[in-house]
Amino acid sequence: MPKLPYSFYQQDNVTDLAVQLLGKQLFTLVNGKLTGGTIVETEAYNGIADKASHAYGGRFTPRTSTMYEPGGISYVYLCYGIHHLFNVVTASKNTPHAVLIRGLMPTVGLETMLERRKMNSLAPRITAGPGALAQALAINKALNAKDLLGDEIWIEDNGISFGPEEIVASPRIGVAYAEDHALLPWRFYVKGNKYVSKPHA
DNA sequence: TCGCCGATACTCT
DNA sequence: GAGTATCGGCGAA
Numbered sequence: 249m250p251k252l253p254y255s256f257y258q259q260d261n262v263t264d265l266a267v268q269l270l271g272k273q274l275f276t277l278v279n280g281k282l283t284g285g286t287i288v289e290t291e292a293y294n295g296i297a298d299k300a301s302h303a304y305g306g307r308f309t310p311r312t313s314t315m316y317e318p319g320g321i322s323y324v325y326l327c328y329g330i331h332h333l334f335n336v337v338t339a340s341k342n343t344p345h346a347v348l349i350r351g352l353m354p355t356v357g358l359e360t361m362l363e364r365r366k367m368n369s370l371a372p373r374i375t376a377g378p379g380a381l382a383q384a385l386a387i388n389k390a391l392n393a394k395d396l397l398g399d400e401i402w403i404e405d406n407g408i409s410f411g412p413e414e415i416v417a418s419p420r421i422g423v424a425y426a427e428d429h430a431l432l433p434w435r436f437y438v439k440g441n442k443y444v445s446k447p448h449a
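Under the working numbering, read the first sequence as residues 249 to 449, first letter to last.
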């Protein structure tokens, strides 16, 4: 299956791009283990204009500098001291847009994922939620700022796409501090899918 | 099945 | 020194 080209990642409209990522296949190859699945939940972060973004107001720190790179690389960071979160950097250089991947339907490397998650049997929580899927795919800071057309972490298009009636737009999660921007419907997920994180619809 | 609550360490002020 | 784009265990129904 073809990997998504740079032209896909460098689109300016980050919310459109977040919708288009639903149904794409995310893979990692870590320590010789291939794991991956279908993306079923995303959130858009709209650069310097978005109060919920780390780059709000043009904030530029060692951590956020990755987001200012041209679209087509990963942005991985630690949240709440425990969880790694995986984002796709989008748009062109110096436009710090990003899409957070929040939910994945596992298809490849189930045994490896169960082992990494310390689970005995398959349950939706194996990859439902951004911290959970990062652990299942062995995503950590070593995978920050990686080329998404490389051979450690990448996204493929296998032709799966969801119709508008299958996609739900809702407010983003955990960003209540973003005031008026907290209610923007920039979280997108596949209706009824078991691998979507908490608030289902 | 649902909702509450605490863990935990890194980043920036 | 404070705040954080979360998860999972526990108890109640």
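No residue lacks a Cβ here, since even glycine has one placed at the ideal position from N, Cα and C.
Straight-line Cα distance separating residue 321 from residue 294: Residue numbering aside, residue 294 sits at position 46 when the first sequence is read from its first letter. Residue numbering aside, residue 321 sits at position 73 when the first sequence is read from its first letter. In a straight line, the C-alpha of residue 294 is about 16 Å away from that of residue 321.
CA nearest to the CA of residue 384, picked from 317, 316, 356, 303: Within the first sequence, residue 384 is the residue found at index 136, counting from 1. Residue 384 has its Cα closest to that of 356, out of 317, 316, 356, 303.
Whether residue 328 touches residue 372 by CB criterion (9 Å): To locate residue 328, count along the first sequence from 1; it is residue 80. To locate residue 372, count along the first sequence from 1; it is residue 124. The answer is no: Cβ separation not under 9 Å.
Contacts around residue 400, its chain only, beta-carbon distance under 8 Å, and the 5 residues preceding and following it disregarded: On the first sequence, residue 400 is found 152 positions in, with the first residue counted as 1. 276, 277, 278, 391, 394.
Per-residue DSSP class, three states only, for residue 295: Taking the first sequence and counting its residues from 1, the one referred to as residue 295 is at position 47. Of the three classes helix, strand and coil, the one that applies to residue 295 here is helix, per DSSP.
Paired residues, beta bridge with residue 404 - DSSP: As a working mapping, residue 404 is identified with position 156 in the first sequence. In the DSSP output, where bridge partners are listed per residue, residue 404 has 251, 273.
Assumed close pair residue 290, residue 266 - CB separation to whole angstroms, cut-off 8 Å: Position 42 of the first sequence, counting from 1, holds the residue named residue 290. Position 18 of the first sequence, counting from 1, holds the residue named residue 266. Between residue 266 and residue 290 the Cβ distance is about 4 Å, and since that is below 8 Å, they are a contact.
Neighbourhood of residue 382 by C-beta distance below 8 Å, restricted to the same chain and skipping five residues each side: For this step, residue 382 is matched to residue 134 along the first sequence. Excluding positions up to five away in sequence, the list reads 324, 331, 332, 333, 334, 388.
Proximity of residue 438 and residue 288 at Cβ, strictly below 9 Å: Here residue 438 is taken as the residue at index 190 of the first sequence, counted from 1. Here residue 288 is taken as the residue at index 40 of the first sequence, counted from 1. A contact, by the Cβ cut-off of 9 Å.
CB contact flag (residue 350, residue 377, <9 Å): To locate residue 350, count along the first sequence from 1; it is residue 102. To locate residue 377, count along the first sequence from 1; it is residue 129. In contact: residue 350 and residue 377 (Cβ atoms closer than 9 Å).
Buried versus exposed, by CB contacts within 10 Å (16 or more), residue 433: Taking the first sequence and counting its residues from 1, one reaches residue 433 at position 185. Exposed is the call here.
Three-state class that DSSP yields for residue 308 in the structure shown: Here residue 308 is taken as the residue at index 60 of the first sequence, counted from 1. Correct three-state label for residue 308: coil.
Cut-off 7 Å between Cβ atoms - residues of its own chain near residue 274, not counting five sequence neighbours on either side: Along the first sequence, read from residue 1 onward, the residue named residue 274 stands at position 26. Correct list, in chain order: 284, 285, 287, 349, 352, 403.
Nearest-angstrom Cα separation, counted from residue 297 out to residue 457: Missing from the structure shown is residue 457; the chain here goes from 249 to 449 and no further.
Beta bridge counterpart(s) of residue 284 as assigned by DSSP: In the first sequence, counting from the first residue as 1, residue 284 sits at position 36. Looking at the DSSP assignment, residue 284 forms a beta bridge with 275, 356.
Residue 395, DSSP secondary structure in three states: Walking along the first sequence from the start, residue 395 turns up at place 147. Correct three-state label for residue 395: strand.
Whether residue 405 touches residue 299 by CB criterion (9 Å): Taking the first residue of the first sequence as 1, we reach residue 405 at position 157. Taking the first residue of the first sequence as 1, we reach residue 299 at position 51. Contact: no.
Given residue 418 as reference, the closest of 410, 429, 411, 408 once Cα atoms are compared: Mapped onto the first sequence, residue 418 falls at position 170. Minimum Cα distance to residue 418 is reached at 429.
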